[in-house]
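S.K.: Numbering (the numbering used here), first residue to last: 20 to 446.
Even for Gly, the Cβ is constructed at its ideal location relative to N, Cα and C.
For clarity, every value in this text was computed on a predicted model and none was experimentally measured.
The structure that follows is given in the form of structure tokens.
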Amino acid sequence: MRLRSGSKQLIRDLNISTVVETVRQRGPISRVEIAEVAKLGRSTVTGIVNLLLKEGILVEAGSAESRGGRKPVLLALNPRARCVIGVKLAPASVTAALADLHAQVLQKVRRPLSRGQGPEAVFRTLLDVVHEVQRMDDGVKGPPVIGVGVVLPGIVNTTTGTSVASHLLHWANIPVRELLEKELRIPVLVDNDANAFALAERTYGAGQGADNLLCVTVGVGIGGGIITNGRVYRGSITGAGEIGHITIDERGPLCSCGNRGCLEALASDGAIAQAARRAVAKGRKTLILEAAGGDPSAITRETVVLAAHEGDRVARRILREAGRHLGTGLANAVNLLNPERIVIGGEAVQQAGDLLLSPLREAMKERSFSVLADEVAVVPAALGEDAWLVGAATLVLEEVFTPPIYGADEDRPPITIPSLLGHTVQG
Ligand SMILES: [Zn+2]
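Encoded structure:
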């Protein structure tokens, strides 16, 4: 992206954006207070507020106590003035959420994907859910959608919106943004799912207020998102954070990435289920088989967690081992990154809770520099299963609420509040 040069239009765009951001952060707020906080002239603020009220971006929200004279009218951001869509593409399903300007999920649509579906079939389903989620229950057309954020596993080039490599989706070099923008005709942003998870937890969840944060998700895969100095750290070709593929055991089991002994091969859903199947095959006395309806091939991470909650010792041991592997992985990350907080989420953690988290914390402390580990709080994620969707929506919202100092690059101009008002971004 290139910086825009100074012009009357740029100054006006910046002032509009500053007023909206001031109201978003501090609203309900009066015109006089906006002028004070944003250090803008009162007449400038009045002109911009009138425009934003007419466009429905701001709304009146009662009145404040008078400081002498008329009671000042308070203004708030109208979260339903526009909408964004967040999409999570996973190996077994695609989910779309319609969200407002505060990233509140208004409605969701989820469709399963069958194994071995090629990119074409996946994109047909993806387009279906994006269209369907925009239809409100009452049949009324919802607010205009200004952008779509798509998150998926693997390495994503966020500049071009290309899925560079995803071994979980079994594809490489898929131009996700290009394909979707051609069909949807609205801007599309693409990112790695764990980065989106980190962005969501840092903005709205358990990572709020932490500028140096590591977010880890445990499920079918193990993903990581790194926040340094308040921003997502993406690395040289946007592949940073692949904590699931750091080596824990050089001679360990084969991983989906082709390596041996990765954290993902030792502590993901598949690894937990496999450890349980091995225990059953060895004839260990356990409730796991019963929880799977007597069929060893039906054993999943969920059945292991169910048995563990019943007090089953084999199931508890399997979760403890997975938790310790996770702790070893996190110890490496703590020594490398020195985060102030680690947010850990995903279905496995939600369901197993301390059965995974206690051994995780224990191994992490044992294996990292104690002076670093003592300062790290390991906390469960707060946004639940919506975290990825909120993160996908936040990709778009971050762009919308960023001051419009960047001009159009070769692909498209950024989505900004002034551009939504029909002020074409120039310069
Ligand atoms: Zn691996």
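Taking buried to mean at least 16 other C-beta atoms within 10 Å of its own C-beta, is Met383 buried or exposed?
M.R.: Buried.
S.K.: Grab me the residues of Ala286's own chain with a C-beta within less than 6 Å of its C-beta, minus the 5 sequence neighbours each way, in chain order.
M.R.: Cβ neighbours of Ala286 beyond the five flanking positions: Ala341, His344, Leu345.
S.K.: I need the straight-line Cα distance from Ala327 to Thr257, nearest angstrom please.
M.R.: Their backbone Cα atoms lie some 38 Å apart in a straight line.
S.K.: Compute the beta-carbon to beta-carbon distance between Asn231 and Gly260, rounded to the nearest angstrom, for a pair I have assumed lies under 8 Å.
M.R.: In fact, because the Cβ distance is near 14 Å, the residues do not count as touching under 8 Å.
S.K.: Indicate whether at least one CB of chain C lies closer than 9 Å to the CB of Ala392.
M.R.: The structure shown contains no chain C, having only a single protein chain.
S.K.: Looking only at C-alpha atoms, which of Leu199, Val299, Asn248 sits nearest to Pro138?
M.R.: It is Leu199 whose Cα lies nearest to the Cα of Pro138.
S.K.: Please say whether Val409 and Val6 have beta carbons closer to each other than 9 Å?
M.R.: The shown model of the chain, from 20 to 446, leaves out residue 6, and the question about it has no answer.
S.K.: Going by Cα to Cα distance, which pick from Ile205, Asp268, Lys73 is closest to Pro432?
M.R.: Comparing Cα-Cα distances from Pro432 to each of Ile205, Asp268, Lys73, the minimum goes to Ile205.
S.K.: Take Val209 and list the residues in its own chain whose beta-carbon comes closer than 6 Å to its own, dropping the five residues that flank it on each side.
M.R.: Counting only Cβ-Cβ distances below 6 Å, and skipping sequence neighbours, we find Val169, Val175, Gly180, Val195, Arg196.
S.K.: Can you find the residues in the same chain that come closer than 8 Å, C-beta to C-beta, to Phe420, ignoring five residues on each side of it along the sequence?
M.R.: The answer, listed in chain order, is Ser36, Val39, Glu40, Arg43, Ile436.
S.K.: Have a look at the DSSP bridge pairing and note the partners of Arg130.
M.R.: Paired residue(s): Val113.
S.K.: Just to confirm, does Asn278 get its C-beta within under 8 Å of one of the non-hydrogen atoms of ligand 1?
M.R.: The answer is yes for Asn278.
S.K.: Using only the alpha-carbon positions, how far apart do Asn108 and Arg86 sit?
M.R.: According to the sequence provided, residue 108 is Leu. The question's Asn does not apply to it. Between Leu108 and Arg86, the C-alpha separation is close to 53 Å.
S.K.: Do Val323 and Ile291 have their beta-carbon atoms positioned less than 9 Å apart in this structure?
M.R.: In this structure, Val323 lies closer than 9 Å to Ile291 by Cβ.
S.K.: Within 8 Å: the Cβ of Glu283 and any heavy atom of ligand 1?
M.R.: Indeed, a heavy atom of ligand 1 lies less than 8 Å from the Cβ.
S.K.: Reducing DSSP to helix, strand and coil, say where Glu321 ends up.
M.R.: If DSSP states are grouped into helix, strand and coil, Glu321 belongs with the helices.
S.K.: Return the CA-CA distance between Val164 and Leu117, expressed in angstroms with no decimal places.
M.R.: When rounded, the distance between both Cα atoms is 9 Å.
S.K.: Give a yes or no on whether the C-beta atoms belonging to Asn97 and Ile67 are separated by under 9 Å.
M.R.: No.
S.K.: Compute the beta-carbon to beta-carbon distance between Ile245 and Tyr252, rounded to the nearest angstrom, for a pair I have assumed lies under 8 Å.
M.R.: Ile245 to Tyr252, Cβ: 4 Å. Contact.
S.K.: Taking DSSP as the reference, what is the three-state secondary structure of Val159?
M.R.: Correct three-state label for Val159: coil.
S.K.: Mapping the DSSP letters down to three states, classify Pro378 as helix, strand or coil.
M.R.: Three-state DSSP puts Pro378 in a helix.
S.K.: Taking one C-beta from the stretch 47–59 and one from the stretch 76–95 each time, how about it: are there three or more such pairs within less than 8 Å?
M.R.: Segments in contact, yes.
S.K.: His442 to Ala412, Cα distance in whole Å?
M.R.: Low local confidence applies: a pLDDT of 45 at His442 is under 50, so the model's placement there is unreliable, with the coordinate-based value given in what follows. Answer to the nearest angstrom: the Cα atoms are 23 Å apart.
S.K.: Thinking just about the alpha-carbon of each residue, which of Leu218, Glu269, Lys58, Arg101 is nearest to the one in Leu71?
M.R.: Of the listed residues, the one whose Cα sits closest to Leu71 is Arg101.
S.K.: Can you name the start and end residues of the alpha helix (DSSP H) that Lys73 belongs to?
M.R.: Per DSSP, Lys73 belongs to the alpha helix (DSSP H) from 61–73.
S.K.: Is Ser275 near ligand 1, in the sense that its beta carbon is under 8 Å from a heavy atom of that ligand?
M.R.: For ligand 1, at least one heavy atom lies less than 8 Å from the Cβ of Ser275.
S.K.: Classify Val361 as helix, strand or coil using the three-state DSSP reduction.
M.R.: Correcting the residue type first, residue 361 is Ile in the shown sequence and not Val. Ile361: strand per DSSP, three-state reduction.
S.K.: Once you ignore the five residues that flank Asp405 on each side, which residues in its own chain have a CB closer than 6 Å to its CB?
M.R.: Here the set comprises Val124.
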